[in-house]
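Visitor: Residue numbers (my numbering): 43 to 454.
1) Report the partner residues of residue 259 according to the DSSP bridge assignment.
2) Take the Cβ of residue 363 as the centre, count every other Cβ of all protein chains shown within 10 Å, and call the residue buried at 16 or more, exposed below.
3) Thinking C-alpha only, which one of 156, 234 and 256 is nearest residue 323?
4) What are the boundary residues of the alpha helix (DSSP H) that residue 253 is part of?
5) Hey, quick one: how far does the beta strand (DSSP E) through residue 231 stretch, first residue to last?
6) Do three or more CB pairs link the segment 144 to 157 to the segment 338 to 345 at distances below 8 Å?
7) Please specify which runs of the alpha helix (DSSP H), each continuous and at least 4 residues long, are wholly inside the segment 322 to 395, giving them in chain order.
8) Using a Cβ-Cβ cutoff of less than 6 Å, which residues in the same chain neighbour residue 97 once the five nearest sequence positions on both sides are dropped?
9) Would you list the residues sitting across from residue 155 in a DSSP beta bridge?
10) Round the Cβ separation of residue 175 and residue 394 to the nearest angstrom and send it over; I've been treating them as touching at under 8 Å.
11) Which residue comes first and which comes last in the beta strand (DSSP E) that contains residue 432?
12) What are the start and end residues of the alpha helix (DSSP H) that includes residue 135?
13) Tell me, please, whether the segment 96 to 114 touches the segment 252 to 269 by the rule of three or more beta-carbon pairs shorter than 8 Å.
14) With a CB to CB cut of under 6 Å and the five nearest residues on each side skipped, what residues in its chain are close to residue 166?
15) In whole angstroms, give me the CA-to-CA distance for residue 178 and residue 172.
16) Which residue wins for smallest C-alpha separation from residue 87, given the options 168, 304 and 390?
17) Could you work out which residue in 89, 70 and 68 is closest to residue 76 when comparing CA atoms only?
18) Using the Cβ count rule (16 or more neighbours within 10 Å means buried), how would you classify residue 130?
19) Sort out for me which residues DSSP pairs residue 420 with in a bridge.
20) By a C-beta neighbour count over all protein chains shown, 10 Å radius and 16 as the cutoff for buried, is residue 208 buried or exposed?
21) Within 10 angstroms of its Cβ, does residue 426 collect 16 or more other Cβ (buried), or is it exposed?
22) Taking all protein chains shown into account, decide if residue 236 is buried (16 or more other Cβ within 10 angstroms of its Cβ) or exposed.
23) Would residue 434 be called buried (16 or more neighbouring beta carbons within 10 Å of its own) or exposed?
24) Starting from residue 73, trace the beta strand (DSSP E) in both directions and tell me its first and last residue.
25) Below 8 Å on the Cβ atoms is my contact criterion, and I expect residue 280 with residue 310 to pass it. Report the Cβ-Cβ distance as a whole number of Å.
26) Under a three-way DSSP split, which group does residue 215 fall into?
27) Measuring alpha carbon to alpha carbon, tell me which residue in 454, 451 and 429 is nearest residue 192.
28) Which residue's Cα is closest to the Cα of residue 205: 402, 188 and 184?
29) Considering just the uninterrupted stretch of the beta strand (DSSP E) at residue 278, what are its terminal residues?
30) Tell whether a beta-carbon distance below 8 Å holds between residue 377 and residue 194.
31) Let me make sure I understand the geometry here. Which of 61, 382, 391 and 387 has the alpha-carbon closest to that of residue 375?
32) Would you mind working out which of 301, 360 and 321 sits nearest residue 349, comparing C-alpha positions?
33) Identify whether residue 454 lies in helix, strand or coil by the three-state DSSP scheme.
34) Using three-state DSSP, classify residue 409 as helix, strand or coil.
35) List the endpoints of the continuous alpha helix (DSSP H) containing residue 123.
36) Please say whether residue 276 and residue 210 have beta carbons closer to each other than 8 Å?
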């Protein structure tokens, strides 16, 4: 930890510093449960023998009378055996996420520099998931969007932004094993006046997850989420404001090495009537805003990027662009990445590049790749200045017999 980072890892604190998490929850519960160290240091796959199915998430029945038979169907249980390796990978990636985030919750406090926070989270993620190039590692860059910024902000190199006493920060990071991504997020705040804003998205996500299931229409989930969010109010400076959903942000299905798998879960009513299907994996995320429009736009310096999997072949004239594209394909494939990773000695993966991966003077080449459509840029998504936004997110899989909320933890 850098001396001026504001981060103190020398204390033996094992309870969360921020607000909005479950009461009486201890961040080190996984130590006694699975034989992990504190701070966590053993790769998660070493805590579960190869024949172990992995730590099962929260189980819920699929909603609706038409799904009532599923939970006790022997035929469907037998079908799940075919996916046991998939489920184990998802569960190990989820356990890695839980242990990283619960350790993080003990030291995130006002005054810390966000660049150092993200690097600590990502390095612990690499350690516990046993980073192995594209086979195991980080699912996407660590988001730490503040206040009116709802999503897609992570510091670029040289960014000195620090967490404030009155900040509302969304920590959103991912883990992946064999291309199977776990996407999970929570909101950090220290001022009790933001408790209802945090609770709005926590409860909305829980209701959304409960509403979801095989053959459930996506639009019905959005309607249930909106109703929850709009039932909350926040008092700011003596004035009461209704909490509103950020209507142009959505949850999404997750595919192999693709964070957005093609289906979207709206968080307001009036969305698509498309139905969820057996076997699909979803990240259900809800976003709420107070004193804002409930609508985000792109604004600010971009940090998040991802290769465009559908891009046609485009001949590149710049040698630097070709070099950068080769590095991106080799190191990240279709997974999202950020500029800060290109600046690391390993260029984003020690397994793939050792300490020979750092990209230098690449901004022109990166702009060229974005301009020709080979790489997509994802700038920060912001509501109006002076507003505050919250987020809550869980990943679940629609098993034939039940719905398994993979990322659920004792914290939220």
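Backbone N, C-alpha and C define an ideal beta-carbon position, used for all residues, glycine too.
From a predicted model like this one, the values you see are computed outputs, not experimental measurements.
Guide: Per the coordinate set shown:
1) Looking at the DSSP output, residue 259 sits in a beta bridge with 317.
2) So residue 363 ends up on the buried side.
3) Residue 323 has its Cα closest to that of 256, out of 156, 234 and 256.
4) Per DSSP, residue 253 belongs to the alpha helix (DSSP H) from 237 to 253.
5) Here the beta strand (DSSP E) through residue 231 covers 222 to 231.
6) Judged by Cβ distances under 8 Å, the segment 144 to 157 makes no contact with the segment 338 to 345, as fewer than three pairs qualify.
7) Whole alpha helix (DSSP H) segments, 4+ residues: 361 to 374, 381 to 384 and 392 to 395.
8) Once the five neighbours on either side are set aside, the close Cβ partners of residue 97 are 133 and 137.
9) For residue 155, the beta-bridge partners assigned by DSSP are 204.
10) With a Cβ gap of about 5 Å, residue 175 and residue 394 count as contacting.
11) First-last of the beta strand (DSSP E) with residue 432: 430 to 440.
12) If you look at residue 135, you'll find it in the alpha helix (DSSP H) that goes 126 to 146.
13) Cβ pair count under 8 Å is three or more, so yes.
14) Hits under 6 Å: 142.
15) The straight-line gap from Cα to Cα measures roughly 7 Å.
16) Ranking the options by Cα distance to residue 87, first place goes to 168.
17) Ranked by how close their Cα comes to the Cα of residue 76, the residues 89, 70 and 68 have 89 in first place.
18) By the neighbour-count rule (16 or more Cβ atoms within 10 Å), residue 130 is buried.
19) Paired residue(s): 346.
20) Residue 208 counts as exposed, since fewer than 16 other beta carbons sit within 10 angstroms of its beta carbon.
21) So residue 426 ends up on the exposed side.
22) So residue 236 ends up on the buried side.
23) With 16 or more other Cβ atoms within 10 Å, it is buried.
24) In the DSSP annotation of this structure, residue 73 is not part of any beta strand (DSSP E); the continuous alpha helix (DSSP H) holding it starts and ends at 71 to 76.
25) Between residue 310 and residue 280 the Cβ distance is about 29 Å, and since that is not below 8 Å, they are no contact.
26) Residue state, collapsed to three classes: strand.
27) Out of 454, 451 and 429, the CA that lies nearest to the CA of residue 192 is found in 429.
28) For residue 205, the nearest C-alpha among the options comes from 188.
29) Here the beta strand (DSSP E) through residue 278 covers 275 to 278.
30) No, they are not a contact pair.
31) Ranking 61, 382, 391 and 387 by Cα distance to residue 375 puts 391 first.
32) Taking each of 301, 360 and 321 in turn and checking the Cα distance to residue 349, the smallest one comes out for 301.
33) Here residue 454 carries a coil assignment [DSSP, helix/strand/coil].
34) Note: residue 409 maps to helix in three-state DSSP.
35) Counting along the chain, the alpha helix (DSSP H) containing residue 123 begins and ends at 116 to 123.
36) 8 Å or more divides the Cβ of residue 210 from the Cβ of residue 276.
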